[in-house]
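**Student:**
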Amino acid sequence: MELNLLRSAGQLFILLAFALTTAFQQLPDHVAVVGGDPIPTALFQQRVRLARWTTAQQLLQVMQTYGPNALTDPGSPYNGQYKNLNDSVTFAQQVLDSLITVKLVQREAAARGITVTDDDVQNQINAFFGYAPNATPQPPQPGETPQPSLNPTEMAQAFQEERDNYFGQAGDIARMSQAEVIATFAEQALQIKVYEALTKNVPTQGQQVKVRHILVDSLEKANALLAQIQGGASFADVAKANSQDATSAANGGDLGWSPHGVYFPEFEDAIWKVAPGTLIGPIKTPVGFHLILVEGREVRPLTEADLIRERDAVYRLWLQQARDKANVQIVDNWPALIPAEPTLKALGLP
């Protein structure tokens, strides 16, 4: 009897050992492969922990300022970020996408001969902590009370303390060495250089259109206002009195000059197909019904915001094309590789 029990226990132990060994063998040492270059599982797990911690630090500041409801209330502007952090798979997918982007940027940089220097990396670290060692102190504006400021030595000391504290906490929570944390800043510096190289030839001027619009919440209202304008009423006056877009209504519905790609697709299609001076609508978009007056079209210099938008569009297109060409392969069971820690409770969040 005892011999049989011992045999059964021994067999059970062997089965459990085999099952555990098989389970560990099934966990891949990489989470994805980008053009033949693997993203190690350990790196992925480090970056998930780091991103979870840095996001939590931002949310903790929100919670300390506005209270826990600022995170949990569905109507809060911070609720989306909090919910995203709660969804471990969605959050980890974003981290994985960022690591894939890093690989694509590194490939493009190598092809173009782009590198980063120690100064580039240090500038990125300085920017992250808001440290500008060569900045000229700005005098107070008229009416402002002068605030005491740190001298350069005190500023440098405060920066070093904040940096070292960040590196230390990142090391403890994300299980990263200081060199591994600094590598994240090097990646950012390289991405900036590649972005500049890819978008440096984006034109600084382009075809733009000037429009006014009236926004209402029903087709009936839009048709009634259209009849008034067609009957001789001023478009600007009707907009001031009736448009639900309060910002532009105050200016008679004037939206100013804009390049391609600024408005909803339905709005865009309408305004670029007609000649200046044309009244069009009602046009339905996700926010309501629009009456639109196209006032002009010409080549104009892009505003800084519009130029950034154009450059971002070029970069996003390159990124999608580069990803398609790189034959990115993500392992099937990658969610099993998502680290469970640090938990929200450990990070001090509800």
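Residues are numbered in the working numbering as their position in the sequence shown, beginning at 1, plus a constant of 141.
A virtual CB, placed ideally from N, CA and C, is assigned to each residue, including glycine.
#1: Where residue 468 and residue 397 are concerned, what is the direct C-alpha to C-alpha distance, given to the nearest angstrom?
#2: Could you tell me which of 187, 225 and 434 sits nearest to residue 200, measuring between CA atoms?
#3: Which word fits residue 482, buried or exposed, when buried means at least 16 other C-beta atoms lie within 10 angstroms of its C-beta?
#4: Could one say the Cβ of residue 419 lies closer than 8 Å to chain B's Cβ atoms, at least one of them?
#5: Kindly give me the distance between the Cβ atoms of residue 240 and residue 188, rounded to whole angstroms, as I take these residues to be in contact under 8 Å.
#6: Tell me which residue opens and which closes the beta strand (DSSP E) that residue 414 is part of.
#7: Are there three or more Cβ pairs, one per stretch, closer than 8 Å when the stretch 352-363 is compared with the stretch 214-230?
#8: Please classify residue 413 as buried or exposed, where buried requires at least 16 other C-beta atoms within 10 Å of its C-beta.
#9: Which residues mark the beginning and the end of the alpha helix (DSSP H) in which residue 453 is found?
#10: Mark residue 185 as exposed unless 16 or more other C-beta atoms lie within 10 angstroms of its C-beta, in which case mark it buried.
#11: Express the C-alpha separation of residue 338 and residue 243 in angstroms, rounding to a whole number.
#12: Leaving aside the five residues before and after residue 322 along the sequence, list all residues of the same chain whose C-beta is less than 6 Å from its C-beta, in chain order.
#13: Just to confirm the assignment, what range does the beta strand (DSSP E) spanning residue 178 have?
#14: Considering only C-alpha positions, which residue in the set 491, 466, 455 and 476 is nearest to residue 340?
#15: Do you know whose CA, among 191, 217 and 342, lies nearest residue 203's CA?
#16: Quick check: the Cα distance between residue 183 and residue 407, rounded to an integer number of angstroms?
#17: Report the option in 219, 197 and 196 whose CA atom is closest to the CA atom of residue 207.
#18: Using CA atoms only, rank isn't needed, just tell me which of 315, 332, 267 and 329 is closest to residue 302.
#19: What does the alpha-carbon distance come out to for the pair residue 487 and residue 318?
#20: Within 10 angstroms of its Cβ, does residue 489 collect 16 or more other Cβ (buried), or is it exposed?
#21: Roughly how many angstroms separate the alpha carbons of residue 162 and residue 472, rounded to a whole number?
#22: Between the alpha carbons of residue 349 and residue 440, how many angstroms are there, rounded?
#23: I'd like to know if the stretch 321-336 and the stretch 375-386 are in contact, where contact means that at least 3 CB-CB pairs between them fall below 8 Å.
#24: Closer than 8 Å by C-beta to residue 237: which residues in its own chain qualify, once you throw out the five before and the five after it? Chain order, please.
#25: If you draw a straight line from the C-alpha of residue 305 to the C-alpha of residue 296, how long is it?
**Tutor:** Looking at the atomic coordinates:
#1: Locating residue 468 in the sequence shown gives position 327, where the first residue counts as 1. Locating residue 397 in the sequence shown gives position 256, where the first residue counts as 1. Each residue's alpha carbon lies about 43 Å from the other.
#2: Locating residue 200 in the sequence shown gives position 59, where the first residue counts as 1. When each option's Cα is compared against that of residue 200, the closest is 225.
#3: Sequence index remark: in the sequence shown, residue 482 carries index 341 (1-based). Exposed, since its Cβ has fewer than 16 Cβ neighbours within 10 Å.
#4: The chain labelled as chain B is not found in the depicted structure, where only one protein chain is given.
#5: The residue you call residue 240 lines up with position 99 of the sequence shown. The residue you call residue 188 lines up with position 47 of the sequence shown. Confirmed, about 6 Å.
#6: Along the sequence shown, read from residue 1 onward, the residue named residue 414 stands at position 273. Element bounds for residue 414: n/a, residue is neither H nor E.
#7: no
#8: Along the sequence shown, read from residue 1 onward, the residue named residue 413 stands at position 272. Exposed is the call here.
#9: As a first step, residue 453 is located in the sequence shown; it is residue number 312 there, counting from the start. Unbroken alpha helix (DSSP H) run through residue 453: 445-466.
#10: By 1-based counting over the sequence shown, the position of residue 185 is 44. Label assigned to residue 185: buried.
#11: Position 102 of the sequence shown holds residue 243. Position 197 of the sequence shown holds residue 338. Roughly 16 Å between the two C-alpha positions.
#12: Looking up residue 322 in the sequence shown gives position 181. Here the set comprises 308 and 311.
#13: Residue 178 sits at position 37 when you count from the first residue of the sequence shown. Taken as a continuous stretch (DSSP letters only), the beta strand (DSSP E) holding residue 178 covers 178-181.
#14: For this step, residue 340 is matched to residue 199 along the sequence shown. Looking at the Cα atoms, 455 is the closest of the given residues.
#15: As a working mapping, residue 203 is identified with position 62 in the sequence shown. Cα-wise, what sits closest to residue 203 is 217.
#16: In the sequence shown, counting from the first residue as 1, residue 183 sits at position 42. In the sequence shown, counting from the first residue as 1, residue 407 sits at position 266. So the two alpha carbons sit approximately 46 Å from each other.
#17: In the sequence shown, counting from the first residue as 1, residue 207 sits at position 66. Looking at the Cα atoms, 219 is the closest of the given residues.
#18: On the sequence shown, residue 302 is found 161 positions in, with the first residue counted as 1. Closest by alpha carbon: 267.
#19: Residue 487 sits at position 346 when you count from the first residue of the sequence shown. Residue 318 sits at position 177 when you count from the first residue of the sequence shown. Roughly 21 Å separates the two Cα atoms.
#20: Translated into the one-based positions of the sequence shown, residue 489 becomes position 348. Residue 489 should be labelled exposed.
#21: As a working mapping, residue 162 is identified with position 21 in the sequence shown. As a working mapping, residue 472 is identified with position 331 in the sequence shown. Residue confidence is low: residue 162 scores 47 on pLDDT, short of 50, so the model does not pin down where it sits. Its coordinate-derived value is still stated next. About 20 Å.
#22: Taking the first residue of the sequence shown as 1, we reach residue 349 at position 208. Taking the first residue of the sequence shown as 1, we reach residue 440 at position 299. Whole-angstrom Cα-Cα distance: 6 Å.
#23: no
#24: Within the sequence shown, residue 237 is the residue found at index 96, counting from 1. Taken in chain order, the residues that qualify are 172, 173, 180, 185, 471 and 475.
#25: For the purposes of this step, residue 305 is taken as residue 164 along the sequence shown, with counting starting at 1. For the purposes of this step, residue 296 is taken as residue 155 along the sequence shown, with counting starting at 1. The straight-line gap from Cα to Cα measures roughly 14 Å.
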